[in-house]
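J.:
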Amino acid sequence: MKLLVINGPNLNFLGIREPAHYGKETYADLLEKIQNYCDEKHIDVAFYQSNHEGDLVDRIQQAYFDQVDGIVINPGAYTHTSVALLDAVKSVQIPTVEVHISKVETREDFRQVSYIRAACISTITGMGTDGYLLAVDKLMEHLSHGD
Ligand code: DQA
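Quick note: the sequence shown uses this note's numbering, first residue 284, plus one each step.
So, in structure tokens, the structure goes:
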């Protein structure tokens, strides 16, 4: 199984930005944690992070040509604004799980909208960085059952 983990704007600042919301683990810690988890499960995983909406669209489209089986995405603030990311996920038709480190549903009103959610098989919020591992599990389950 080939997975792609995409992180949007400011997630490269994990460990620095608002630790009360996002914890103390750094972006490098996050990648190591996901990589170790995927190694244990013999999953081929690639990572991408960008602060730029169009670059995120390009990377999602590239996943189509790379024949990626599943995408884990934390679109950061673009969750709440980006129809382009929604359309990109719909375009490639790759099973995708939306992840948020913080519990977005208990935060500001503007975080209550997620455009990308409509194209995702599942959403995980408020589980810290473990949410990414749960997303990997969701995709494995989905891909093995074909549901
Ligand atoms: C986030 C939540 C978003 O509202 C925010 O803009 C982020 C991170 C999260 O992981 O909790 O950048 O996606």
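Cβ coordinates follow ideal geometry from the N, Cα and C atoms, glycine included.
Should G359 go down as buried or exposed, given a rule of 16 or more other Cβ atoms within 10 Å for buried?
T.: Classification for G359: buried.
J.: Once DSSP output is grouped into helix, strand and coil, what is the label at K421?
T.: In the structure shown, K421 falls within a helical segment according to DSSP collapsed to helix, strand and coil.
J.: For the 8 Å Cβ check, are there 3 or more pairs between the stretch 366-375 and the stretch 302-316?
T.: No: the two stretches stay apart, fewer than three of their Cβ pairs being nearer than 8 Å.
J.: With a threshold of 8 Å, are at least 3 pairs of Cβ atoms found where one atom belongs to the stretch 397-409 and the other to the stretch 327-338?
T.: no
J.: May I ask you to check if the CB of N514 is nearer than 7 Å to at least one heavy atom of the ligand DQA?
T.: Residue 514 lies beyond the range of the chain shown here (284 to 430); nothing can be said about it.
J.: For the ligand DQA, is there any heavy atom lying closer than 7 Å to the beta carbon of N357?
T.: yes
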